[in-house]
Structures are given as C-alpha cells and as structure tokens.
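So the structure is just underneath, and the comments pick up after that.
Protein chains: 2
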Amino acid sequence: MTETSTLPTVDRAGPRQTRPRRLVAELIAGRTGHFTAADLAADAQGRGLPLGRATIFRTLELLLGGGALERIDLPDGSHAYVECAPSHHHHAVCSRCGSVVDFDDAELAAVVRAVARRTGFRIDSHRLELFGLCPACQAGERSAG
Amino acid sequence: MTETSTLPTVDRAGPRQTRPRRLVAELIAGRTGHFTAADLAADAQGRGLPLGRATIFRTLELLLGGGALERIDLPDGSHAYVECAPSHHHHAVCSRCGSVVDFDDAELAAVVRAVARRTGFRIDSHRLELFGLCPACQAGERSAG
DNA sequence: GGGCTACATGAGACTCGGTATCATCACCGC
DNA sequence: GCGGTGATGATACCGAGTCTCATGTAGCCC
C-alpha cells in the first residue's frame, strides 16, 4: 500500500459543487412526481444542456446517498427516483400522474413486529409502496366520466 | 382485421405441457429461497439441459401470470423470483441465505386505510417486503460469534 | 395411429438501465 | 493564480429482459 502518513489535501470537504451537479438538481426541481435517469437525460438534451449520462447516474447516486432522493420500484418492476425528506418513510405513488406523497410508518412498525414474532425473522429493513390514484386524478376521473 | 368467425382450434385448452416447461419447473423446485432467471439458466447449463434463455423468461412469465411465482425487489434494486401460493400476501426475505417466508396482510390493511384517509389517495395495490435474518441464520450468527 | 395447426422453442439480435474506463477538465484550498 | 484531486463525459461494456423468425412439437380431430 505504501501510504504516506500525511495526506496532502484529502478529506477536506464534502462533494464538490460543480456545474453539472447543479444542472441535475435543477432538472429534478423542475419535475413533479417520479422520474427516471432517462427522463433527466431527455430533459437535458431537450434544453440543450451539456450533461453526460454517466454524470446523471453519478449525481443521482450521490443524492441517494445523501438521502435527498429515494429510489422506488414501480408495479411493472422498473425503477424511478423521487425527491424526498431524508427521514425514514414510505411512498404512495399515483399510477396516473406519477405524483408521490410521503407518509411515515408509525402503524407499520406494529405490523413488522407482529411478522417478526410469527416468523422468527429478525427484520432489519423493510419497504412499503402504495399505488393508486391521487386526489386530483380521482377528481379528473369522476368529471371525465 | 379480416377475422374469421369460426376459429378452428383456438382456445381449446390452457398452456401446453412441454418438456422445456417441465424442466424449468424442476429447476425451480430444486431451489430454495429466491432466484433469478440467470440462476435457472446457469443451473440448466450446469446440468447439460437444453434450455433457451428466452424460454426461461417466457416460462417465468407464465408462472407469474398463474400466481405460482412472484417477483420480489431486493434492497439493491435487483429482481428475483420466489415460489409461492397464489393468494395475496407479502414476503420476508433473509438477506443472508435468501430464504423467503410468506405472511398475510391482515394488519397491513389497517395501515393502508389510514394512509388513504390521511393522503386522500385511493389505494389500488401495494407492496410490502421485509428484509432481515431468518431463524436459522440468526442461530448461525450467534454460534459463529 | 396419423395429420394438421397453432402454440412453443431457441438462437441471436436488440433494447434499456446502469457501471467501468480513462483522458481531460475544473473546483477550491492554499 | 497554482496545483492536486475529484468530477466529467465519451464510449465501451454488462446483465436483465424482449423481439423476431424459422423450426419443432403438443395435442385435438378423425
């Protein structure tokens, strides 16, 4: 390994503030509901922004790691990303417009405990996702027939 | 469309019983815990069985449709398949040995109702997956230190 | 049992989300 | 402003899954 004991400028700060990262953050802020990396790439191309695919994936990973973003699994098995608070919570996803709302899992904890007791499993993590129609899309459905 | 009103031999029965499909069923039966399509392909190749990749995917899809199999999303975002009963239920997945146990969602229904009330969403479907250690792997962890 | 036909197969090309590589660029602490 | 290090992006690559199409075969009818 031959490692020097005095690291010159390593570990001085968090991730760098770069133009591409700001662009990705802007694109995400300009979206509503969930989105994929491909969506962001298309947005960037549509707006003529110079943004590599790899950079988009890396920035998404960074945001995932920081908790500002979460990955959700849609019913069809594909992945999408949503902006959210860094605390532990779950998502309800509108299957029509893609909007997402967070909710906490106070009641869910009881379910998890019950399952753990019944199965003998030691539950370390869990994932709950709800799919349906948001209030706006329900209203649209009613008025549209 | 030019469709003939008398379909000659269509719709006479369910899916055919073929050798490749029996092979896939055998491979699945010979597994414990969750598995991927690639696992089955490797099994088949290892046992010198002639089985196309496309056929494996098609047979998995068939079994998914029939409810004999379910797809789960692992914490790392990858997909796997598990054998299970066709009734609605959820899975607890051992993150060490991959074994899976089913549990029903009697208590979960209350959680879903509460979220629907609070968010205004009309919840049509949901997914809950628990990850942790099965009893056997907990015992192994304790005895191994 | 034989023939027939629609369904199933499998090789391989393709798509798509995501990762690895690597030469070049630019942030930012000094 | 300099310098070093982390970031970028073009591109190749990977793995899961789908599509195509010529060929094979299950299984119904006789």
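Residue numbers (the numbering used here), protein chains in the order written: chain W, 2 to 146; chain H, 2 to 146. The beta-carbon is built from N, C-alpha and C at its ideal position, and this holds for glycine as well.
Using CA coordinates, which residue listed in G68/H, R128/H, A43/H, G49/H is at the minimum distance from L109/W? Start at 1 with the first residue of the first sequence, and residue 109/W comes out as number 108. Scanning G68/H, R128/H, A43/H, G49/H for the CA closest to the CA of L109/W turns up R128/H.
How far does the alpha helix (DSSP H) with C138/H in it extend, from its first residue to its last? Here residue 138/H refers to the residue found at position 137 of the second sequence. For C138/H, the enclosing alpha helix (DSSP H) covers residues 136-144.
Own chain partners of V116/W with C-beta closer than 8 Å, once the 5 adjacent residues on each side are dropped: As a first step, residue 116/W must be located in the first sequence, where it is residue number 115. If we look at V116/W and ignore the five residues flanking it on each side, its Cβ neighbours are F122, I124.
When we look at the beta-carbon of R91/W and count the other beta-carbons within 10 Å, is it buried (16 or more) or exposed? Taking the first residue of the first sequence as position 1, residue 91/W is located at position 90. Here residue 91/W turns out to be His, not Arg, going by the sequence shown. Its Cβ being crowded by 16 or more others within 10 Å, H91/W is buried.
Taking only beta-carbon atoms, is F36/H less than 9 Å away from chain W? Taking the first residue of the second sequence as 1, we reach residue 36/H at position 35. False, the Cβ-Cβ gap to chain W never drops below 9 Å.
When you compare the CB positions of L75/H and L61/H, do they come within less than 9 Å of one another, or not? On the second sequence, residue 75/H is found 74 positions in, with the first residue counted as 1. On the second sequence, residue 61/H is found 60 positions in, with the first residue counted as 1. Contact flag unset, no.
Element boundaries [beta strand (DSSP E), containing R48/H]: Reading the second sequence from its first residue, position 47 is the one you call residue 48/H. That residue, R48/H, is in no beta strand (DSSP E); it is neither H nor E in DSSP.
Would you mind sorting H89/W into buried or exposed? The rule is 16 or more other CB atoms within 10 Å of its CB. Counting from 1 along the first sequence, the entry for residue 89/W is found at position 88. It is exposed - the Cβ of H89/W has fewer than 16 other Cβ atoms within 10 Å.
Between L65/W and the rest of its own chain, which residues show a CB-CB distance below 8 Å, the 5 nearest in sequence each way excluded? For the purposes of this step, residue 65/W is identified with residue 64 of the first sequence, where counting begins at 1. Excluding positions up to five away in sequence, the list reads E71, R72, Y82.
Tell me which residues share the same chain as H80/W and place their Cβ nearer than 8 Å to its Cβ, disregarding the 5 neighbours each side in the sequence. Walking along the first sequence from the start, residue 80/W turns up at place 79. Within the same chain, H80/W has close Cβ partners T37, R72, I73, D74.
Excluding the 5 residues flanking D105/H on each side, which residues of the same chain have their C-beta closer than 7 Å to its C-beta? Against the second sequence, residue 105/H aligns to sequence position 104. Taken in chain order, the residues that qualify are H90.
Taking the Cβ atom as the reference point for each residue, do S126/H and L134/W lie within a distance shorter than 9 Å? Stepping through the second sequence from its first residue, residue 126/H is reached at position 125. Stepping through the first sequence from its first residue, residue 134/W is reached at position 133. No, these two residues do not count as a Cβ contact at 9 Å.
With DSSP as the reference, label G15/H as helix, strand or coil. As a working note, residue 15/H is residue 14 in the second sequence. Looking at G15/H - three-state DSSP - the assignment turns out to be coil, as it is neither helix nor strand.
Local Cβ density within 10 Å of D77/W, reported as buried at 16 or more and exposed below that: Working through the first sequence from its first residue, we reach residue 77/W at position 76. Exposed.
Does any C-beta atom of chain H lie closer than 9 Å to the C-beta of G141/W? Walking along the first sequence from the start, residue 141/W turns up at place 140. Judged by the 9 Å Cβ criterion, G141/W is not in contact with chain H.
Which residues does DSSP pair with A93/W in a beta bridge? Walking along the first sequence from the start, residue 93/W turns up at place 92. For A93/W, which the question treats as bridged, DSSP gives the partners V102/W, L131/W.
Tell me V83/W's beta-bridge partners as DSSP assigns them. Sequence index remark: in the first sequence, residue 83/W carries index 82 (1-based). Answer by DSSP bridge pairing, in chain order: E71/W.
Let me confirm a value: A137/H is counted as buried when at least 16 other C-beta atoms fall within 10 Å, else exposed. Which label applies? As a position in the second sequence, residue 137/H is number 136, starting the count at 1. Sixteen is the threshold: since fewer than 16 other Cβ atoms of the shown chains lie within 10 Å of the Cβ of A137/H, the residue is exposed.
Cβ of A69/W within 9 Å of Cβ of I57/W? Within the first sequence, the letter at position 68 stands for residue 69/W. Within the first sequence, the letter at position 56 stands for residue 57/W. Cβ distance not < 9 Å, so A69/W and I57/W don't count as in contact.
Would a C-beta distance cut-off of 9 Å place L24/W and L63/W closer than the cut-off? Here residue 24/W refers to the residue found at position 23 when the first sequence is read from its first residue. Here residue 63/W refers to the residue found at position 62 when the first sequence is read from its first residue. Against a cut-off of 9 Å, the Cβ pair of L63/W and L24/W comes out as no contact.
Could you name the residues of the same chain whose beta carbon sits closer than 7 Å to that of H35/W, not counting the 5 residues immediately before and after it, in chain order? Along the first sequence, read from residue 1 onward, the residue named residue 35/W stands at position 34. Closer than 7 Å at Cβ, skipping near neighbours: I73, A81, Y82, V83, V94, G99, V101.
According to DSSP, which residues form a beta bridge with R114/W? The count along the first sequence starts at 1 and reaches residue 114/W at position 113. Answer is none; R114/W lacks a bridge partner.
Going along chain H in order, which residues have a C-beta closer than 9 Å to the C-beta of I124/W? Working through the first sequence from its first residue, we reach residue 124/W at position 123. Within chain H, A93, L131, F132, G133, L134 have C-beta atoms less than 9 Å from the C-beta of I124/W, given in sequence order.
State yes or no: is the beta carbon of V83/H nearer than 9 Å to at least one beta carbon in chain W? Numbered from its first residue, the second sequence carries residue 83/H at position 82. No - not a single Cβ of chain W is within 9 Å of the one on V83/H.
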